[in-house]
Amino acid sequence: MPRYFFLPLAGNAQDDLKRKHHAEHLLSSDEFTVDLLRAESARGERGTKAEMAATLSELARHDSAFCERVALAYVRQPKTWLTVLHGETAQGFRARAPAEFITDHGADEDCFGPITHGSALYYIYTRSVPQWHSEVEGAKPTKRLLRWTCVIQMTRSWIALHWNNISYREEKAGEAARLDQYPYWNEVPLVVNLVHSRCGAEYRLPNLLRAVLTGAWERYEGKPGFEWTHERIRAEAHGVALSASGKKQEEIELDASGVQALTRAQAEAAVDELGADPSNIPRVERRLLHDLIHRWNPKSYQFRLEGKPAGAEPPVRFRGHVYFGTGHFQVASAAAGQFRRTGVDALAHVKCFSEYGGSTGALEFLLPFLSGV
Amino acid sequence: MALFDPRARLRAFTTQDWVAVQRVVQRGRFTLGQASAEHSLAAERLLAFLLCLEADELCQLYHRVYHVCEAHPIRTVPFRAGLPSVPFTCPECERVVERPDELSFDVECRIAAPDGVQVAVP
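Structure representation (structure tokens):
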């Protein structure tokens, strides 16, 4: 699927052509799913994604109500990344018309909305990321535009930020730039600042350590009817860094996955060394696992949970890589004595999985454990 | 247990901040990065608290210095020694660290009072 890599029309092109040109490019990019385009197409319409994007962009040329409907479908489409901040918001703010998100690339930093759906207001925050690009090696590069997009879901007591990340090349003089993950951890605080400056509300980052390792853990881990799988952990204690994942579980050949494979092997070794009854292995393993996850200062932790509560409650399904926002610091301004967290561990957030409902599914699972944090 | 009373020095602290620091000092050894996230306390505030604790000789503070080459610290130095000046040779990757932005740091606190610290709160 092509990524959003926009080449604007010349400045003197007609406005409606510019709108169509942007809409066609956006709708055919990987920001939009085929299912979403099909749902917005006329009944029975079929064809490739590019054909549907071409047809729909013709509508986008003049019909702003249509564009607003597509923008609503876009904000509700689950994304890969999520964070939730608590803060009381009395009312929303005005920004650019939501329809223009579909028909215009936007300024360096831009915001579209609100789009109202149920009791929530949605805004779309965009950052333009210029890239110099040569179609053919050695040819004169042209300026193309990437766009980092973050959906702000606003309710009275919290805001959720949902985004897909993009790859980009950081442009450094004299260096061959490699394709890299866009540093969203620097952008998310800007999104929060924007909402704060427009609404006047103070927002607090989520305490995901408490939500996941206390709230969700106590409710579901080891409980009958629920399967909680420890998939990956990055931790650091006493100056020792640990990174364990389930990727090599086949090599270890244990009836456990991921992090559990490690603690099972340790428990077996410990019980064997002490000459203790092997029936103690599960108990020792569980103690080691608990210590590793809770006391080794986890930086991030990935787990999967599936189960069905008793009674009429719906099944519980969650899979996510939870970053706790415990990262190190860098000096931001030596003169002012300011420092800030750096890198992916700067921000408490979750990488979500589409087969588990993406960011909207993860939000639904986490919210009960985040309230009052 | 040693009683620690920083109230006059930390007037900006909210009730929530005081609750958080009482919990933080229950661990004998912790880092600024972890404890601030775990207890939902701004890192700047927790560092201010830790500097008061150190001034009263109730803890020792260290800088843990990280280089981009590794996930574990490349050196741990007393807090007041400060971060290393560049350039220097990284003991892990043996490359010359030329820019400060290749480094990051955390602050480690080791409570010195043998029976722990009790924080006097407003």
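Protein chains in written order, with the working numbering: chain A, 1 to 373; chain B, 1001 to 1122. Note that beta-carbon positions come from the ideal geometry of N, C-alpha and C, so glycine has one too.
Cβ neighbour criterion (16 or more within 10 Å) applied to residue i
i	result
N207 of chain A	buried
V322 of chain A	buried
R234 of chain A	buried
H238 of chain A	exposed
P2 of chain A	exposed
V34 of chain A	exposed
E187 of chain A	buried
W163 of chain A	buried
R94 of chain A	exposed
R319 of chain A	buried
M52 of chain A	buried
A1035 of chain B	buried
G138 of chain A	exposed
E253 of chain A	Low local confidence applies: a pLDDT of 41 at E253 of chain A is under 50, so the model's placement there is unreliable, with the coordinate-based value given in what follows. Answer is exposed; the Cβ neighbour count stays below 16.
Span separating the alpha-carbon of residue i from that of residue j
i	j	result
F66 of chain A	R76 of chain A	16 Å
A177 of chain A	W148 of chain A	19 Å
L1010 of chain B	L37 of chain A	56 Å
S157 of chain A	K79 of chain A	22 Å
T360 of chain A	A13 of chain A	39 Å
A442 of chain A	A1113 of chain B	As shown, chain A starts at 1 and ends at 373. That puts residue 442 of chain A outside it, with no answer to give.
E31 of chain A	A265 of chain A	43 Å
M180 of chain A	E171 of chain A	The residue asked about is misnamed: residue 180 of chain A is Asp in this sequence, not Met. If you take the alpha carbons of D180 of chain A and E171 of chain A, they lie about 11 Å apart.
F1079 of chain B	V331 of chain A	14 Å
L82 of chain A	L161 of chain A	6 Å
K308 of chain A	E227 of chain A	10 Å
R1023 of chain B	F353 of chain A	34 Å
F427 of chain A	R204 of chain A	Outside the shown range of chain A (1 to 373) lies residue 427 of chain A, about which nothing can therefore be said.
G1033 of chain B	A1081 of chain B	19 Å
V191 of chain A	Y184 of chain A	10 Å
V151 of chain A	Y122 of chain A	7 Å
P1160 of chain B	V1086 of chain B	With chain B covering only 1001 through 1122, there is no way to say anything about residue 1160 of chain B.
S300 of chain A	V350 of chain A	9 Å
E135 of chain A	P8 of chain A	15 Å
T1014 of chain B	R1045 of chain B	10 Å
H1124 of chain B	P189 of chain A	With chain B covering only 1001 through 1122, there is no way to say anything about residue 1124 of chain B.
R1075 of chain B	L27 of chain A	50 Å
V1068 of chain B	A241 of chain A	13 Å
H290 of chain A	P224 of chain A	18 Å
K248 of chain A	G215 of chain A	With a pLDDT of 47 at K248 of chain A, under the threshold of 50, the predicted position of this residue should be treated as unreliable, and no value is reported.
P1091 of chain B	V1025 of chain B	32 Å
G141 of chain A	V344 of chain A	Note on identity: in this sequence residue 141 of chain A is Pro, with Gly being the wrong assignment. Each residue's Cα considered, the two are about 31 Å apart.
E1094 of chain B	G47 of chain A	57 Å
A1012 of chain B	R287 of chain A	41 Å
G11 of chain A	V1077 of chain B	57 Å
Heavy atom of the ligand GTP within 7 Å of residue i beta-carbon
i	result
Y168 of chain A	With respect to small molecules bound, the structure shown includes none, and the ligand GTP cannot be examined in it.
Contacts around residue i, its chain only, beta-carbon distance under 7 Å, and the 5 residues preceding and following it disregarded
i	result
A1020 of chain B	H1039, S1040 and L1041
R1007 of chain B	A1120 and P1122
L262 of chain A	A244
T103 of chain A	R19, H22, A23, A60 and C67
H294 of chain A	L213
C199 of chain A	T89 and F93
Residue i: contacting residues in chain A (beta-carbon distance under 9 Å)
i	result
F1105 of chain B	H328, F329, Q330, V331 and F339
E1054 of chain B	In chain order: nothing, as chain A lies at least about 16 Å away.
P1100 of chain B	Q330, V331 and A334
Spatially closest choice to residue i from the options, by CA coordinates
i	options	result
R68 of chain A	A:G113, A:T48, A:S119 and A:V34	Before going on, a small fix: residue 68 of chain A reads as Glu here, not Arg. The candidate whose alpha carbon is nearest that of E68 of chain A is A:G113.
G1116 of chain B	B:H1063, B:Q1016 and B:R1027	B:R1027
H117 of chain A	A:Q153, A:A336 and A:G200	A:Q153
F324 of chain A	A:E135, A:Q131 and A:R210	A:R210
Q260 of chain A	A:L194, A:E273, A:R283 and A:D272	A:R283
A99 of chain A	A:A346, A:V344 and A:H62	A:H62
S128 of chain A	A:D110, A:E306 and A:W296	A:D110
Amino acids of chain A, ordered along the chain, whose beta-carbon sits closer than 8 Å to that of residue i
i	result
T1076 of chain B	G239
G1116 of chain B	Within 8 Å Cβ-Cβ: nothing; G1116 of chain B doesn't reach chain A, min ~18 Å.
Own chain residues within Cβ distance below 6 Å of residue i, not counting five before or after
i	result
T1031 of chain B	D1106 and E1108
E285 of chain A	T263, R264 and A267
F101 of chain A	A71, F112 and I124
A256 of chain A	Because A256 of chain A carries a pLDDT of 48, less than 50, the predicted location of this residue cannot be relied on, and no value is offered for it.
Q338 of chain A	A332
P106 of chain A	Correcting the residue identity first, residue 106 of chain A is Gly in this sequence and not Pro. So the qualifying residues of the chain are T126.
Y1066 of chain B	P1073 and S1104
Partners in chain B for residue i, counting only beta-carbon separations shorter than 7 Å
i	result
A335 of chain A	Those do not exist, as A335 of chain A stays about 13 Å from chain B at its closest Cβ, beyond 7 Å.
Within chain B, the residues that residue i reaches when beta carbons sit closer than 9 Å
i	result
S243 of chain A	A1071
Contacts around residue i, its chain only, beta-carbon distance under 8 Å, and the 5 residues preceding and following it disregarded
i	result
V84 of chain A	W158, I159, A160, L161, P206, L363, L366, L367 and L370
Q131 of chain A	F5, K143, R144, L145, L146, Y168, R169 and E171
L1050 of chain B	L1032, C1059, L1061, V1107 and C1109
Under 8 Å from the C-beta of residue i: neighbouring residues of chain B
i	result
G325 of chain A	A1037
L209 of chain A	A1037 and E1038
T342 of chain A	S1104
Chain A residues whose Cβ lies nearer than 7 Å to that of residue i
i	result
G1082 of chain B	The premise fails here: G1082 of chain B is roughly 10 Å from chain A at the closest Cβ pair, so nothing lies under 7 Å.
Minimum Cβ-Cβ distance from residue i to chain E less than 8 Å
i	result
Q1060 of chain B	The question asks about chain E, but that chain is absent: this structure's protein chains are A and B.
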